[in-house]
Every structure is written in structure tokens, then in C-alpha cells.
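What follows is one structure encoded as C-alpha cells, with my remarks underneath.
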């Protein structure tokens, strides 16, 4: 019989946090899973579809919610809750959790940070007109638009053309973000593919520097979007968006031909890169763990899920990651926690 | 690479200067002397003293550097002008984007390459000039924006909703060293127009280069500049622009003086083009004859009439 | 084109040294070319120019038409995600072309700059009227811009009287003193 007094605190109920909580709970230990929003699911709940198998994210989330429901006895889910305070004590942390009307003081024996990532603010690219022209939106906003179109397809007039710009806020030294945000090539292909699925007549243009599809089924996914759904991929980072004829004019260079081109579209979707959340910065300071120069959590040498003393992490707070990856990391963090608790118990005998 | 590009006006100019060194622009003072006068009048009304020095030369500008013929010459000329500015002890303000970009870039080069600075000082040393260092060049458009509220408070001839299209030019916004607004979508000129009671118009090709730089305006008028400007004017006309403002006499020459050539080809635009300073001076009640609109090729009379300003006001 | 025999990257190193840029940071994204003011008539767009430098194609670069229709608007530099100073590279290529005696593909440009510098040498300033007359003679079109000249004359904006600056010797000294840049 496991000692159920050992408790892990998992901060963030996105896919990584849910997976971590589930695995720790299934092993018989106690888990407090806190989430600052009123619904769980993190980014997954906001998605219209997923790559590479076009699976329904809401169904995946429902599955996980049902599984959590089977472990109500030892997994406590607190939504609308954040960490107010923490203090290291022997073999754990004393934390104060708060929601809108009450506080909870509890001692936890391990912490898993799963606070996820945020999207880069594209308004620094004045040349794209984000925040100025209503037809220009970022990837999450477009995902929402796709959900809306999917639900109301018959009442929606098909847009004439949509342009997708990749590497907005990624691979850009001049904006301080030289890194590649990993998931944008895939989610852009997904979004463009979805548009063609909904409105086959709509022209879709993806302006890319490269497309990165390193994963199981990923390359085939992108090629199917190009070859079967006929999304036009144009190699060249878009240079400017201008208003024209109540639509938007995109100017870029087709670098494969080496000629400047322009095309008129109705919407421009910016595949904005991934940045750490502000909440992560606060927690990192509270728990005294290391981050890289961008604010993403750094793992300790030799321990890919460990960030500090009895602190582990999983998912987007470490770097850009897609859904299966977040789940793997959640399970890895859970394994570390389970091992830690097992060691504690051995010592206490 | 992460240098802050866009700064707030009160970071750029923390304290409003009591006196400035106004760096004369060759094109500005020759082609549109009203521009220089307008600046002096505005600053008089704002209580800022204007100091000039006839010893300065033309900055020599992109015209010279980009000819590639005597790059060392440009450094010498710049160092000499900077030493005159340093002697005055006042912050230098230019009223031409070309002077701005050019002086900023060359002083930056000399700051970061002591060998070049020494060479430039070597050239001018025997004449009694010495450039110490420092590369903080300002443009009067920055001062106008910094003092936007004061200017708004002193408007006596509001623009009555005049539809103004702003032309920013290239060499201020493309500067990498701390500017007032994003080169991707600048809006501070439009804010100034609103403060004066005008209607700013964001026409499609508002940020298109005038095409005149580096002497292309002389050598490639028909082939390059005119088709280029046609696109710009067409988009201004379609957006209903009544007046175009500039902050660079080079751009002013391009936009103003090419219109008759376009008209001869059948493209009549008739959109007057004036310096932002001249427009502000008009709104602040400066008498029209001090603003030198006679130098404009495309007549400004229509606009003056709309503002209720007679020739003798 | 056999890559390893067409370049040993010395041209790239030369440009990097003299223009204070690192061309290996180029993402080859084309944002520069997409924003270029005259890119649609350049024979080689800015991105291609960077690539030509990497391939050591000095001859092509120095004979490019783009050198003489670039307006130095700086938009390429402004938009580049690696902030590569392309205008500086263009200036450097123009200097190099001139030093090697390569005439501009557009001879009016060369004539114009030469006349301007001559005027500065003679009088310490650019005297527009004589310069424009000489330019018109050189390009073989005496009536070039005569309409504008007439309008300017009528408005009293042309000064036929020529003056030199007082310290003309000091100006001429600058012409005699150039320290040639390291190649």
C-alpha cells in the first residue's frame, strides 16, 4: 500500500500538467493540480484540429477529463487558482494557493511546473499591420476563426484568399528571438489545410523561409496540404502588408525565382512564435530555478525533466512543443516525482 | 542587435532645449527657403532660440557617399560640420531626412572606428577644426512631436479637416539608432496633423520612397522616378489627399517638381506638397508671406483658400 | 558552376571586414528584396546580391545595374531580421567599381557625380546652373529640363552669378589627401 500522504503540486492544467497529474495519481500519490483559468486544457482547448492526424482536440481533452474524474480521491483539481506564495521547507515546499475568495495553505513534497507558452506579440512588426488592419490576425485568433467557420460553414461566405506568414517573431535576431519556434510550420500547414477543407475555392498562400516537419507523419502531412489540398507555398519572408481595394496587399520576394511579387488577399495570418509566459517568470523566481536568456526553463545537467530541488517541469514552459511532446514530458516529470516519493518512503522506513 | 529602436519622445528629448543649432540643408534653404523660415518662426513662438553658423557646409549627403568616388571626403566634411556644431555647444537639429540619416550614419562610423575619426580630424586639423566625438543628431520633426501639446495649444488657424497625406521619407525611419516610431507603420506625423485640426489620410503608398535620392532624380527621371511617383500620387488621389507634407527637402523637390512632367503625360494630380514645418507655421498663425510658398511648383493657393488664408494674411 | 572552384569566400570576408557585417547571418528570406523600392527593376535583388557575394562573383557584382539604380532608401536594412547593413555593402561595391575603373551601366550617373565633384573642387560648392548645362551637354540633350529651368528663372530661383567659397584651398586639400581604404 503506497503512502498517500506524499503530495505533488502540478501548476498548469494543460496537456503536460494533466498528464503529469494523471500519472502521479495513478501511481497512488496525492496531486493538487491548479489552473489559473476556469477551464482546463491550456492550448488544446483553443485548437480547431491537430496534426498530423487531424484529430479532434476537444475529444482528446474530454478523454483526459474523464480519466481525471476516475481519480478524484487523490487528484484535487482547483481551477481559477494561482500560487500566491511558496517557501522551501524540509523535503518540500510550503505553499499558499489562492482563488477569488479563499486561500489554501498546504505542504507539498514536489512541484511540477507546466505553465505552458504564450504567443509572441506581432504588433512590433509595424510593416504587417497587426492591430491596425482588421484582416491581420495571429495564429490563435485564426484558430478561433476556424472554429467559428467550422460551426457555421453554411452561413459563411468563403473568403477569396488568405495569406499565412511564417516565422513572425521567430528566427529574427532584430526582434531578439533568433530561435525557431518548432510548431509553426506544422500548425500553419494544418490551418491552411483546414481552410481548403472548408472552402476549396479559397486561395491559400503560405510565405515561408523553410518548412520544418521533423516528426512521425509530419512531412507527409505538409506535402498532402501542398499536393492534395493545393495550398500555394511561396518561398520568401513577407515584407509588407498594405490596404488595397478594401482587402490586403502582400509584398514579398519569390526567392526561388528572385522576383518581387505581390498578391491581394482578404486575411493575413501571422504564424507567431512562442515565448514564455509571464507567470512562468514569477514562478521561476519563487522556486529559484534557472532559465535561458529568453525565460524558458532550463533542465539540470543529465535530468531532462528536473529544474531544481524537488521541482520538475513539463511542456511549453521549457520550450515550444506540440501536443504529444507535452504529454511525453508530463509523463517524464511524473516518473521523476514518483521516483522521488519512492526514495523518500525508503528513507523514512 | 537588440538595441531599442523606438523610443518615447521624452526619452529622445528628455529636456526641451532652450536653444538649438539649426543645421541648414542645402536643398532646403535653396529650393524652399520658406521651410527654414517656418522653423525659425515656430521655434520663436515656442520660446526656443535658433542658432546657425554660416561656416557650415552642405552635409554632402547621400549624393556624395553613394557616388563611391571619394568616401574619405565625406568623412572629412562631416567631421568639419560636427566640429562647428560642437563649438556652439548646442544640440544639432536638421530639417532634412538626408542630413539626418547621413550625419547619424557617418558620425556612428567615426565613433566606432577611431582610425576613421583620426583620419578625418587629420584632414581638417590644419584648418583649425577638430571633431571630438558624439553622434546625437536630431531632426526638427522630433521636436515638433515632443512639443505636440504646446503646438496644439497655440493653433490659431485650425486646418478645418483638411485631408493631409504625410510623406515620411526613408532616411529617418530606416535609421537604426533610436527613433520616434516604427518604420513599419509610423503614425506620429498623423498625430501632429490631428493636433492641428486636420484629417490625416493613411493612403496606400504612404511609405513609398520618393526615388530622388543619390541623384537618381537627376539622372533617371523619366525611366525610374516618374513611374514610381505616379504610383504614389495615384494612391494619394484615390484616398482623397488634398495636401502632402514632407520632412525632407529632397522629397519635397521630388514630389513637388515632378508633377508638371506627369501632367504633360496626361496624369494631372495637382496635389500641393509642403514641409511639415510650413504647415505647422500656417496653423500657428505665421503670416503667409513669411512661408515662401512662391517656391512651390504646384500652387498651394487652393489649400490656403480652404484654410481661409488670403495672400496678404 | 562548380562551387568549390568558384569561390574561396575571400570576397565575402573582404566585404564583412570593410562593411562591418556578418553575411552568414543571412536567412536568405528575401524580406529585403520584398521591400526594396526599386527591386522590381533591379537585375539582382538585394538577397541575390548577398548570395553573389557568398559565391565570390565579383565581376557580376561590379557590373550590376542595381548599383546605379539603388536609391539608398535603407528599407532592406530596416526589414532584415539579421540587420545586415546592405546599403553599406552597396556603397562599398560602388567604390570598388569606381576604383577599378568600371563605368557605371548608366553613364549619366557617372557623369553626374563627376561633374558634381568637379564643381566642388573648382568652387567649393555645387553651382547648379553650370553643372546642369555641362550635364545636358554630356548626355547630348541640351534642352533637358529646360521647362523647369525656365520656370525657375522666372521665379528668380536661378543664380547665374558664380562665387567660390572663401577657403577654397582647404576644400581642395581634402581631394588631395585621401587615404585609400584597405582592400
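Protein chains in written order, with this note's numbering: chain A, 10 to 358; chain B, 17 to 329; chain C, 2 to 184.
The beta-carbon is built from N, C-alpha and C at its ideal position, and this holds for glycine as well.
Residue i (DSSP reduced to helix, strand or coil)
i: residue 50 of chain C; result: helix
i: residue 109 of chain B; result: strand
i: residue 181 of chain C; result: At residue 181 of chain C the pLDDT is 43, less than 50, meaning the model places this residue with poor confidence; the figure from the coordinates comes in the next sentence. Reduced to three states, the DSSP call for residue 181 of chain C is coil.
i: residue 146 of chain A; result: strand
i: residue 163 of chain A; result: helix
i: residue 215 of chain A; result: strand
i: residue 80 of chain A; result: coil
i: residue 130 of chain B; result: helix
i: residue 116 of chain B; result: helix
i: residue 21 of chain C; result: coil
i: residue 176 of chain A; result: strand
i: residue 243 of chain B; result: helix
i: residue 217 of chain B; result: coil
i: residue 310 of chain B; result: helix
i: residue 185 of chain A; result: coil
i: residue 17 of chain B; result: With a pLDDT of 32 at residue 17 of chain B, under the threshold of 50, the predicted position of this residue should be treated as unreliable, though the coordinate-derived value follows. Correct three-state label for residue 17 of chain B: coil.
i: residue 9 of chain A; result: Residue 9 of chain A cannot be examined here, being either before or after the span of chain A that is shown, 10 to 358.
i: residue 44 of chain A; result: coil
i: residue 321 of chain A; result: strand
i: residue 71 of chain B; result: coil
i: residue 12 of chain A; result: Because residue 12 of chain A sits at a pLDDT of 42, beneath the cut-off of 50, its placement in the model cannot be relied upon, and the point is left open.
i: residue 18 of chain A; result: strand
i: residue 315 of chain A; result: strand
i: residue 45 of chain C; result: coil
i: residue 39 of chain B; result: strand
i: residue 283 of chain A; result: strand
i: residue 356 of chain A; result: helix
i: residue 306 of chain A; result: strand
i: residue 53 of chain A; result: helix
Chain D within 7 angstroms of residue i, Cβ atoms only
i: residue 61 of chain C; result: Protein chains in the displayed structure are A, B and C, and chain D is not among them.
Candidates the options: closest to residue i by CA position
i: residue 200 of chain B; options: A:161, A:132, A:85, A:262; result: A:132
i: residue 69 of chain C; options: B:69, B:49, B:165, B:240; result: B:240
i: residue 274 of chain B; options: B:70, B:22, B:237, B:208; result: B:237
i: residue 13 of chain C; options: C:52, C:32, C:150, C:67; result: C:52
i: residue 352 of chain B; options: B:103, B:212, B:259, B:308; result: Here chain B has residues from 17 to 329 only, and residue 352 of chain B is not among them.
i: residue 118 of chain B; options: B:177, B:70, B:98; result: B:98
i: residue 229 of chain A; options: A:326, A:194, A:327, A:190; result: A:194
i: residue 146 of chain B; options: B:172, B:158, B:104, B:272; result: B:104
i: residue 175 of chain B; options: B:21, B:27, B:24, B:319; result: B:319
i: residue 36 of chain A; options: A:55, A:201, A:53, A:84; result: A:84
i: residue 57 of chain B; options: B:170, B:268, B:214; result: B:170
| task | Identify every run of the alpha helix (DSSP H) within the segment 254 to 291 of chain B, keeping only runs that are complete inside it and at least 4 residues long; order them along the chain. | result | 265 to 273, 275 to 280
| message | If contact is defined by three or more beta carbon pairs under 8 angstroms, each pair taking one atom from either stretch, is the segment 254 to 274 of chain A in contact with the segment 89 to 101 of chain A? | response | no
| query | Which ranges does the beta strand (DSSP E) cover as unbroken runs of at least 3 residues, wholly within the segment 229 to 280 of chain A, from first to last along the chain? | reply | 241 to 244, 249 to 253, 256 to 263, 268 to 274
| query | Which runs of the alpha helix (DSSP H), 4 residues or longer, sit entirely within the segment 154 to 205 of chain B? | reply | 156 to 162, 164 to 169
| task | Determine contact between the segment 312 to 325 of chain B and the segment 289 to 301 of chain B, defined as no fewer than three beta-carbon pairs at a distance below 8 angstroms. | result | yes
| Can we say the segment 131 to 142 of chain B touches the segment 198 to 213 of chain B, given the rule of at least three CB pairs closer than 8 angstroms? | no
| message | At a CB distance below 7 angstroms, what residues from the segment 247 to 268 of chain A approach chain C? Give them in sequence order. | response | 247, 248, 249, 260, 261, 262, 264, 267
| Is there contact between the segment 241 to 256 of chain B and the segment 214 to 228 of chain B, where contact requires at least three CB pairs shorter than 8 angstroms? | yes
| Given 8 angstroms, three or more beta-carbon pairs between the segment 105 to 113 of chain B and the segment 39 to 46 of chain B | yes
| query | Are the segment 311 to 324 of chain A and the segment 117 to 129 of chain A in contact at 8 angstroms, needing three or more beta carbon pairs? | reply | yes
| query | Can you list the alpha helix (DSSP H) stretches of 4 or more residues lying completely in the segment 60 to 137 of chain A, in chain order? | reply | 66 to 78
| Looking at chain A, which residues of the segment 80 to 114 of chain C have a Cβ within less than 9 angstroms of any of its Cβ atoms? | 80, 81, 82, 83, 84
| In chain order, what residues of the segment 21 to 42 of chain C put their CB closer than 9 angstroms to some CB of chain A? | 26, 28, 29, 30, 31, 32, 33, 34, 35, 36, 37, 40, 41
| field | the segment 268 to 281 of chain A touching the segment 170 to 186 of chain A, judged by at least three CB pairs closer than 8 angstroms | value | yes
| field | Residues of the segment 119 to 141 of chain A whose Cβ lies closer than 9 angstroms to any Cβ of chain C, in chain order | value | 136
| Touch test, the segment 113 to 121 of chain A against the segment 13 to 29 of chain A, Cβ-Cβ under 8 angstroms, three pairs minimum | yes
| request: Tell me, please, whether the segment 48 to 63 of chain C touches the segment 75 to 91 of chain C by the rule of three or more beta-carbon pairs shorter than 8 angstroms. | output: yes
| Segment contact flag, the segment 121 to 138 of chain C with the segment 251 to 271 of chain B, C-beta cutoff 8 angstroms, min 3 pairs | no
| field | Cβ pair count under 8 angstroms reaching 3, the segment 150 to 165 of chain A against the segment 26 to 37 of chain B | value | no
| message | At a CB distance below 7 angstroms, what residues from the segment 46 to 59 of chain C approach chain A? Give them in sequence order. | response | 46, 48, 49
| message | Counting only Cβ-Cβ distances shorter than 8 angstroms, please list the residues of the segment 182 to 194 of chain A near chain C, keeping chain order. | response | 182, 183, 184
| request: Check whether the segment 133 to 142 of chain A touches the segment 72 to 87 of chain A, counting contact only when three or more Cβ pairs, one atom from each stretch, lie closer than 8 angstroms. | output: no
| Taking one C-beta from the segment 57 to 69 of chain B and one from the segment 181 to 191 of chain B each time, how about it: are there three or more such pairs within less than 8 angstroms? | no
| field | Segment contact flag, the segment 97 to 104 of chain C with the segment 139 to 146 of chain C, C-beta cutoff 8 angstroms, min 3 pairs | value | no
| query | Is the segment 255 to 262 of chain A touching the segment 25 to 43 of chain C, taking contact as three or more C-beta pairs under 8 angstroms? | reply | yes
| said: Residues of the segment 217 to 237 of chain A in Cβ contact with chain C at a cutoff of 7 angstroms, in chain order, please. | reply: 218
| request: Quick one: which residues of the segment 199 to 220 of chain B get their C-beta closer than 8 angstroms to a C-beta of chain A? List them in chain order. | output: 199, 200, 201, 202, 218, 220
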